[in-house]
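Numbering (our numbering), first residue to last: 13 to 292.
Positions of the beta carbon are idealized from the N, C-alpha and C atoms, including for glycine.
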Amino acid sequence: MIFGGHVSIAGGLEKAIGRGEKEGFEVIQTFASSPRSFTVTNYTNDQITAFNQAMKASRVVKQLFFHGIYLLNLASSKEYLVNLSVKSLVEYLNFGAKINCTGTIFHVGSSKEQSFDEVKNQVAQAIKKVLETTPKDQLLIIESAAGAGNVIGNSLDELAQLFNQVDSTRLKVCLDTQHLWASGVNVADKAIFGNWLKQFDQQIGIQNLVCMHANDSKTEFNSKRDRHENIGQGLIGRAGFQNILSQSVLKNIPFIMEVPGIKGEGPDRENLKILHNLSL
Ligand SMILES: [Zn+2]
Ligand SMILES: [Zn+2]
Numbered sequence: 013m014i015f016g017g018h019v020s021i022a023g024g025l026e027k028a029i030g031r032g033e034k035e036g037f038e039v040i041q042t043f044a045s046s047p048r049s050f051t052v053t054n055y056t057n058d059q060i061t062a063f064n065q066a067m068k069a070s071r072v073v074k075q076l077f078f079h080g081i082y083l084l085n086l087a088s089s090k091e092y093l094v095n096l097s098v099k100s101l102v103e104y105l106n107f108g109a110k111i112n113c114t115g116t117i118f119h120v121g122s123s124k125e126q127s128f129d130e131v132k133n134q135v136a137q138a139i140k141k142v143l144e145t146t147p148k149d150q151l152l153i154i155e156s157a158a159g160a161g162n163v164i165g166n167s168l169d170e171l172a173q174l175f176n177q178v179d180s181t182r183l184k185v186c187l188d189t190q191h192l193w194a195s196g197v198n199v200a201d202k203a204i205f206g207n208w209l210k211q212f213d214q215q216i217g218i219q220n221l222v223c224m225h226a227n228d229s230k231t232e233f234n235s236k237r238d239r240h241e242n243i244g245q246g247l248i249g250r251a252g253f254q255n256i257l258s259q260s261v262l263k264n265i266p267f268i269m270e271v272p273g274i275k276g277e278g279p280d281r282e283n284l285k286i287l288h289n290l291s292l
């Protein structure tokens with residue numbers, strides 16, 4: 013199986029590859045700019061070349077995903093915020109094409125007091141706008157949400173409706189084990205999660221699942237709260253992860269950790285080892 017984790021780009025984009033290599037990650041996820049700002053980072057051609065060379069030379073890191081910034085909200089009632097979100101995603105996908113990124117994983121956002129039905133068209137239109145103006149090799153990947161405050165994407169029905177409406181082979185899904193757990197999907201139970209994945213296949217199509225976020229949970233089942241824990245140290249637990257990793261449809265899907273880390277410095281070799289051992 014393919015395992016990796018989120019790594020920082022502090023000190024330069026190409027540093028992300030070295031960090032991934034140090035931890036033994038075959039797949040890495042990074043931000044392309046500060047996640048708490050709409051300001052884009054402009055990379056020089058030299059920086060892009062350096063990154064591409066480092067990636068090509070790496071014997072460890074084979075695949076790169078971007079994670080969109082935290083401020084994105086395609087479901088907001090504030091038009092300027094939706095426009096800024098679209099712009100940010102377009103910039104991420106344009107830049108991703110220059111460095112052989114697979115795609116950008118993002119949270120659709122929260123509709124606050126509005127219902128899903130009220131914002132569905134707006135969200136679908138925004139997604140279409142991003143896809144229409146960006147390179148064809150870049151995927152736009154919706155991450156399943158934990159479920160608090162009317163966030164979009166915490167149920168299969170909502171996701172399926174968005175998929176139908178956007179109708180693009182470039183729109184994909186990332187499932188986060190902690191978010192599923194917090195939104196009331198018992199990923200730790202082999203039969204229950206197996207059935208849920210079958211339903212996912214029927215409603216959205218398993219070919220549209222392009223990556224998993226592998227995170228244990230600090231918060232209890234169905235808590236609607238997004239709190240990640242190290243693999244095996246949370247309420248999903250080792251046995252739970254063993255069950256997740258044994259789902260046959262997930263065998264070829266990259267698992268990307270966003271865990272606090274043993275030393276509190278983010279995803280690390282120790283967590284990777286636990287994940288790997290539980291997959292055997
Ligand atoms: Zn995640
Ligand atoms: Zn999360």
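Three-way DSSP call (helix, strand, coil) for residue i in this model
| i | result |
| --- | --- |
| residue 288 | helix |
| residue 76 | strand |
| residue 276 | coil |
| residue 84 | coil |
| residue 61 | helix |
| residue 107 | helix |
| residue 3 | Residue 3 lies beyond the stretch modelled for the chain, which goes from 13 to 292, so this question has no answer here. |
| residue 247 | coil |
| residue 293 | The chain is shown only over 13 to 292; residue 293 falls outside these bounds and no answer can be derived. |
| residue 293 | One cannot answer for residue 293 here, as it falls past the ends of the chain, which runs 13 to 292. |
| residue 37 | coil |
| residue 13 | coil |
| residue 97 | helix |
| residue 183 | strand |
| residue 205 | helix |
| residue 21 | coil |
| residue 256 | helix |
| residue 267 | strand |
Contact check, residue i vs residue j, beta carbons under 8 Å
| i | j | result |
| --- | --- | --- |
| residue 187 | residue 152 | no |
| residue 78 | residue 55 | no |
| residue 267 | residue 63 | no |
| residue 86 | residue 139 | yes |
| residue 1 | residue 191 | Examination of residue 1 is not possible in this model, given that the chain is present from 13 through 292 alone. |
| residue 248 | residue 193 | yes |
| residue 109 | residue 147 | yes |
| residue 200 | residue 252 | yes |
| residue 230 | residue 246 | yes |
| residue 243 | residue 292 | no |
| residue 177 | residue 124 | no |
| residue 157 | residue 195 | yes |
| residue 241 | residue 271 | yes |
| residue 172 | residue 215 | yes |
| residue 13 | residue 284 | no |
| residue 150 | residue 115 | yes |
Any non-hydrogen atom of ligand 4 within 7 Å of residue i CB
| i | result |
| --- | --- |
| residue 226 | Inclusion of ligand 4 in the displayed structure is not the case, the ligand content consisting of ligand 1 and ligand 2 alone. |
Best match in the options for proximity to residue i [C-alpha to C-alpha]
| i | options | result |
| --- | --- | --- |
| residue 20 | 42, 33 and 38 | 42 |
| residue 217 | 203, 247, 183 and 245 | 183 |
| residue 143 | 241, 247, 180 and 236 | 180 |
| residue 57 | 291, 189, 91 and 111 | 111 |
| residue 65 | 157, 25, 254 and 284 | 25 |
| residue 211 | 132, 81 and 261 | 261 |
| residue 254 | 145, 222, 13 and 289 | 289 |
| residue 11 | 272, 70, 232 and 84 | Missing from the structure shown is residue 11; the chain here goes from 13 to 292 and no further. |
| residue 52 | 97, 18 and 69 | 97 |
| residue 265 | 168, 172 and 223 | 223 |
| residue 81 | 95, 50 and 213 | 50 |
| residue 127 | 22, 277, 59 and 170 | 170 |
| residue 90 | 22, 70 and 122 | 122 |
| residue 70 | 106, 27 and 141 | 27 |
Same chain only: Cβ atoms within 8 Å of residue i, ignoring 5 sequence neighbours per side
| i | result |
| --- | --- |
| residue 220 | 175, 183, 184 and 185 |
| residue 72 | 32, 33, 36, 37 and 38 |
| residue 67 | 29, 73, 76, 111 and 112 |
In DSSP terms, what residue i is bridged to
| i | result |
| --- | --- |
| residue 115 | 151 |
| residue 228 | 241 |
| residue 188 | 225 |
| residue 30 | Note: residue 30 sits in no beta bridge, so no partner. |
| residue 156 | The partner list for residue 156 (beta bridge, DSSP) is empty, contrary to what the question assumes. |
Close beta carbons around residue i, own chain, < 6 Å, minus the five adjacent residues each side
| i | result |
| --- | --- |
| residue 130 | none |
| residue 234 | 196 |
| residue 281 | 35 and 36 |
| residue 18 | 41, 270 and 279 |
| residue 45 | 52 and 53 |
| residue 208 | 197 |
Close Cβ partners of residue i (< 7 Å) along its chain, the five nearest in sequence each way excluded
| i | result |
| --- | --- |
| residue 145 | 102 |
| residue 60 | 110 and 111 |
| residue 93 | 85 |
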